[in-house]
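Asker: Just so you know, the sequences run in chain order C and D.
The first sequence begins at 8 in my numbering and counts up by one.
The second sequence begins at 8 in my numbering and counts up by one.
Let me give you the structure first, and then I'll get to my questions.
2 protein chains.
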Amino acid sequence: MTTKQIVLSGRPNGKPVLENFQTNNFELAEIKDSEILLEAMFFSVDPYMRGRMNDAKSYVPPFEVGKPITGGVVAKVLKSNSVNFKENDIVTGNLPWQQHCVITENGLLKIATSVAPASYYLGILGMPGLTAYFGLMHIGKPKAGETVVVSGAAGAVGIVVGQIAKLQGCRVVGIAGSDEKVKLLKEEFGFDEVINYKTCNDLKKAITDTCPKAVDIYYDNVGGEISDAVISNINFNARIVLCGQIALYNSTETPMGPRLQHMLLTRSVLMQGFIIGNYQSQFSEGMGQLSLWLKEGKLKYKETIVQGFDKLPAALLGLFEGNNIGKMIVEV
Amino acid sequence: MTTKQIVLSGRPNGKPVLENFQTNNFELAEIKDSEILLEAMFFSVDPYMRGRMNDAKSYVPPFEVGKPITGGVVAKVLKSNSVNFKENDIVTGNLPWQQHCVITENGLLKIATSVAPASYYLGILGMPGLTAYFGLMHIGKPKAGETVVVSGAAGAVGIVVGQIAKLQGCRVVGIAGSDEKVKLLKEEFGFDEVINYKTCNDLKKAITDTCPKAVDIYYDNVGGEISDAVISNINFNARIVLCGQIALYNSTETPMGPRLQHMLLTRSVLMQGFIIGNYQSQFSEGMGQLSLWLKEGKLKYKETIVQGFDKLPAALLGLFEGNNIGKMIVEV
């Protein structure tokens, strides 16, 4: 059968552009023994993918030029030569940006759409939800009464972090980039305060005003000057959870900023970088807790769903413009 | 009786100068009920004292202009109205820069000069030794075979950190500021490699060369560009122990440098600031272990002893010139 794929046609210099991607039609190989034929339903676009577009050593290898982009995908089994999967099963895995693909069962997970919509397994019940859970609970270690600040608060991770922090009895202040996001986070997601960093004249002061007892946990999804403003308000014995630095992903030179070590030292602050793979052995704990909170109605979720396979590159680029509220998903 | 004291006569702007201090003769009050009259033997000068010369909120209150500097002192009891101390006891405590003083027994500790020379209680068996021990063991958590880099390696803390790391089976690379220090650390203190940052043309490369398996623990006493070079060689899952930032203590503006968060994130690195007071409840563990290692000959120590009460300001200023090898002490 003929199908479509999207490949990395060239590496970006700074901000990625649509010309870094190319859509190809190609003839799919026949499925062999123990292989599975999948049809994509939902694709995840995530900020960390920007790093993979560079030719740089990191915790995941770079995308290869001329090869399809890969990422989180929810798909339907069209045909299976594996005893572990059958036709019409809904699965998730790290898969190529293709409308159809033939793969082995390695790393493929069957999902239960009775628990939540299939696309949630790319979000609150997938990598972003687990990232929120482990970063906040295992690094941030929130205690009731503490003040938690979340940057990128309306993103796929931030929107979950804020709600979990509220469940722990914390005061939660979000930072987001539009009045629409501010309104939604306060009215629908229970954030105590949300600051629009784009219209706020003095972010440092806005954080001082909304965090009168200083910041005990800073869950950082963005980096850069927003983080400088938060960290200048950091409390003694605070924890800074380094989850994302989206503000800097398109930098072409080493970004410079204030040296933080002296403040971290005199205030006995912990700063911890992490990737979700570190917690792989504890995923079932995280999935169990997130599923339970969802079922109990204690966690809400939000997706921005873009329609059409061809819109994948634009959806990914849109993350860096703040186009999404909650998880950005492409549905085919 | 008449005695001498050294007061802070004015706050420094940038690097402190001798004119920021003034020596006064004054008449000591008579000792009252439960008070103790002390004669100073050894004074500790420490880098953290620079911060107290500023009028800034920190973990210790600033020195007051016109009042004596205070710090770690070893002294002899000349007269005691306390049942807990008697004449000729040797004690240590946080005391004013005075040849004699009259104080209450609060915070005063009797020391056993049979275990180690009295001045060691200002160094390896005092705040610097405990700082080395808790920072390395409780934050760095060294494992045999790991690579540990120590900046300010010939200082009162660094010289102990390197030796403890060797006792844990680590490869230890020091960074120091003179060939004399390099030679001493390698030949007398067992460091595997020591880099003279002042004569090294490319510190980043020197660290890559001496740490072929990258840096698992960075015990940072200095900050600034030395730390930038080390951190660019940091390993996955590394720990950065923020103990001191002496390179920046005399800065008058916020020092700028490369933003580190993205590297800390992608390599899952922990950076933890601390002050020794955080570990107060565990001091007996630290003192016990350090005393044992000293007694067994597994830890060596080194002091730079300056003679004369009047030399106290010059000795403190000398820390910022790297004049000391090991602990800087003033003997009276």
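The C-beta atom is built at its ideal place from N, Cα and C for all residues, glycine as well.
When burial is assigned at 16 or more other CB atoms within 10 Å of the CB, is P75 (chain D) buried or exposed?
Answerer: As a working mapping, residue 75 (chain D) is identified with position 68 in the second sequence. The residue in question, P75 (chain D), is buried, as its Cβ has 16 or more Cβ neighbours within 10 Å.
Asker: Using 10 angstroms around the beta-carbon of F33 (chain C), count the other beta-carbons present and answer buried if the total reaches 16, otherwise exposed.
Answerer: Counted from its first residue, the first sequence places residue 33 (chain C) at position 26. Classification for F33 (chain C): exposed.
Asker: Listed in chain order, which residues of the segment 94-123 of chain D have Cβ atoms closer than 9 Å to some Cβ of chain C?
Answerer: Listed in sequence order: no entries.
Asker: Please classify M48 (chain D): does DSSP put it in a helix, a strand, or coil?
Answerer: For the purposes of this step, residue 48 (chain D) is taken as residue 41 along the second sequence, with counting starting at 1. Note: M48 (chain D) maps to strand in three-state DSSP.
Asker: Could you check whether the Cβ of V276 (chain D) sits closer than 7 Å to any Cβ belonging to chain C?
Answerer: Against the second sequence, residue 276 (chain D) aligns to sequence position 269. Answer yes: the Cβ-Cβ gap between V276 (chain D) and chain C drops below 7 Å somewhere.
Asker: Below 8 Å on the Cβ atoms is my contact criterion, and I expect V222 (chain C) with I214 (chain C) to pass it. Report the Cβ-Cβ distance as a whole number of Å.
Answerer: Taking the first sequence and counting its residues from 1, the one referred to as residue 222 (chain C) is at position 215. Taking the first sequence and counting its residues from 1, the one referred to as residue 214 (chain C) is at position 207. Right, the Cβ-Cβ distance comes to about 7 Å (below 8 Å), so this counts as a contact.
Asker: Please identify, using Cβ separations under 7 Å, the residues of the segment 255-289 of chain C that lie next to chain D, in order along the chain.
Answerer: Flagged, chain order: L255, T261, P262, M263, G264, P265, R266, Q268, H269, L271, L272, T273, R274, S275, V276, L277, M278, Q279, G280, F281, I282 and N285.
Asker: DSSP on A139 (chain C), reduced to helix/strand/coil?
Answerer: Numbered from 1 along the first sequence, position 132 holds the residue referred to as residue 139 (chain C). Looking at A139 (chain C) - three-state DSSP - the assignment turns out to be helix.
Asker: When you compare the segment 42-59 of chain D with the segment 89-101 of chain D, are there three or more beta-carbon pairs, one atom per stretch, that lie closer than 8 Å?
Answerer: Yes, since at least three Cβ pairs between the segment 42-59 of chain D and the segment 89-101 of chain D fall closer than 8 Å, the two stretches touch.
Asker: Have a look at C207 (chain C) and G165 (chain C) and give me their C-alpha separation to the nearest angstrom.
Answerer: Position 200 of the first sequence, counted from the first residue, corresponds to residue 207 (chain C). Position 158 of the first sequence, counted from the first residue, corresponds to residue 165 (chain C). Using only the alpha carbons, I get a separation of about 19 Å.
Asker: Does the beta carbon of Y204 (chain C) come closer than 7 Å to any beta carbon on chain D?
Answerer: On the first sequence, position 197 is the one that residue 204 (chain C) refers to. Not an interface residue.
Asker: Just checking my contact of I336 (chain D) with L129 (chain D) at CB under 8 Å: how many whole Å lie between their CB atoms?
Answerer: In the second sequence, residue 336 (chain D) corresponds to position 329, counting from 1. In the second sequence, residue 129 (chain D) corresponds to position 122, counting from 1. With a Cβ gap of about 6 Å, I336 (chain D) and L129 (chain D) count as contacting.
Asker: Classify D227 (chain D): buried if its beta carbon has 16 or more other beta carbons within 10 angstroms, exposed otherwise.
Answerer: Sequence index remark: in the second sequence, residue 227 (chain D) carries index 220 (1-based). The residue in question, D227 (chain D), is buried, as its Cβ has 16 or more Cβ neighbours within 10 Å.
Asker: Give the DSSP bridge partners of G169 (chain D), in chain order.
Answerer: Position 162 of the second sequence, counted from the first residue, corresponds to residue 169 (chain D). G169 (chain D) is not bridged to any residue.
Asker: Let me check understanding here. Comparing Cα to Cα, which of D:E194, D:Y127, D:T311 and D:Q106 lies closest to V84 (chain D)?
Answerer: Working through the second sequence from its first residue, we reach residue 84 (chain D) at position 77. Ranking the options by Cα distance to V84 (chain D), first place goes to D:Q106.
Asker: Using CA atoms only, rank isn't needed, just tell me which of C:R59, C:C177 and C:Y204 is closest to E187 (chain C).
Answerer: Along the first sequence, read from residue 1 onward, the residue named residue 187 (chain C) stands at position 180. When each option's Cα is compared against that of E187 (chain C), the closest is C:Y204.
Asker: Of the residues C:G159, C:F92, C:E195 and C:P219, which one's Cα is nearest the Cα of E153 (chain C)?
Answerer: The residue you call residue 153 (chain C) lines up with position 146 of the first sequence. Of the listed residues, the one whose Cα sits closest to E153 (chain C) is C:P219.
Asker: Classify M263 (chain D): buried if its beta carbon has 16 or more other beta carbons within 10 angstroms, exposed otherwise.
Answerer: Residue numbering aside, residue 263 (chain D) sits at position 256 when the second sequence is read from its first letter. It is exposed - the Cβ of M263 (chain D) has fewer than 16 other Cβ atoms within 10 Å.
Asker: For a contact defined as C-beta to C-beta under 7 Å, what are the partners of Y66 (chain D) on chain C?
Answerer: Locating residue 66 (chain D) in the second sequence gives position 59, where the first residue counts as 1. Within 7 Å Cβ-Cβ: T273.
Asker: Since M263 (chain D) sits in a beta bridge, which residues does DSSP pair it with?
Answerer: Working through the second sequence from its first residue, we reach residue 263 (chain D) at position 256. Per DSSP, C:P265.
Asker: So with Cβ pairs under 7 Å, would you call L249 (chain C) a contact of chain B?
Answerer: Structure shown: chain B not included; protein chains present are C and D.
Asker: Count the CB pairs spanning the segment 257-275 of chain C and the segment 244-255 of chain D that are closer than 8 Å, and state whether there are at least three.
Answerer: Flag = yes, the segment 257-275 of chain C and the segment 244-255 of chain D touch.
Asker: Less than 8 Å between the CB atoms is what I'm expecting for A161 (chain D) and I332 (chain D), so what's the real figure, rounded?
Answerer: On the second sequence, position 154 is the one that residue 161 (chain D) refers to. On the second sequence, position 325 is the one that residue 332 (chain D) refers to. Confirmed, about 5 Å.
Asker: Beta-carbon of Q170 (chain C) versus every beta-carbon of chain D: anything under 7 Å?
Answerer: Numbered from its first residue, the first sequence carries residue 170 (chain C) at position 163. Output row for Q170 (chain C): interface = no.
Asker: Could you tell me which uninterrupted beta strand (DSSP E) segments, each at least 3 residues in length, are contained entirely in the segment 186-246 of chain C, listed from first to last along the chain?
Answerer: Complete beta strand (DSSP E) runs here, min 3: 200-203 and 222-227.
Asker: Within 10 Å of its beta-carbon, does T173 (chain D) have 16 or more other beta-carbons around it, so buried, or fewer, so exposed?
Answerer: One-based indexing of the second sequence puts residue 173 (chain D) at position 166. Reading off the sequence shown, one finds Lys at residue 173 (chain D), where the question assumed Thr. Result: buried.
Asker: With DSSP collapsed to three states, give me the class of N285 (chain D).
Answerer: Your numbering for residue 285 (chain D) matches position 278 in the second sequence. Three-state DSSP puts N285 (chain D) in a helix.
Asker: Write down every uninterrupted run of the alpha helix (DSSP H) in the segment 267-334 of chain C whose length is 4 residues or greater and which is fully enclosed by it, in chain order.
Answerer: The segment 267-334 of chain C contains these whole alpha helix (DSSP H) runs: 268-273, 290-302 and 319-326.
Asker: From the DSSP secondary-structure annotation, give me the bridge partner or partners of Q252 (chain D).
Answerer: The count along the second sequence starts at 1 and reaches residue 252 (chain D) at position 245. Q252 (chain D) pairs with nothing; no bridge assigned.
Asker: Could you tell me the boundaries of the beta strand (DSSP E) in which G58 (chain C) lies?
Answerer: Taking the first residue of the first sequence as 1, we reach residue 58 (chain C) at position 51. Run containing G58 (chain C): none in the beta strand (DSSP E); it sits in the alpha helix (DSSP H), M56 to R59.
Asker: By the DSSP assignment, the beta strand (DSSP E) with G100 (chain D) in it spans what residues?
Answerer: Looking up residue 100 (chain D) in the second sequence gives position 93. Element bounds for G100 (chain D): I97 to P103.
Asker: Which residues bound the beta strand (DSSP E) around T77 (chain D)?
Answerer: The residue given as residue 77 (chain D) occupies position 70 in the second sequence. Taken as a continuous stretch (DSSP letters only), the beta strand (DSSP E) holding T77 (chain D) covers T77 to S87.
Asker: Under 7 Å between C-beta atoms, does G230 (chain C) make it to chain D?
Answerer: Counting from one through the first sequence, the residue named residue 230 (chain C) turns up at place 223. Yes, because at least one Cβ of chain D sits closer than 7 Å to the Cβ of G230 (chain C).
Asker: I need the DSSP call for G147 (chain C), collapsed to helix, strand or coil.
Answerer: By 1-based counting over the first sequence, the position of residue 147 (chain C) is 140. DSSP places G147 (chain C) in helix when its eight states are reduced to three.
Asker: Using a Cβ cut-off of 7 Å, pull out every chain D residue sitting near Q252 (chain C), in sequence order please.
Answerer: Along the first sequence, read from residue 1 onward, the residue named residue 252 (chain C) stands at position 245. Those are Q268, H269 and L272, listed as they occur along chain D.
Asker: Quick check on the DSSP output: the beta strand (DSSP E) that includes L7 (chain C) runs from which residue to which?
Answerer: Since the first residue shown for chain C is 8 and the last is 339, residue 7 (chain C) is missing from the structure and cannot be characterised.
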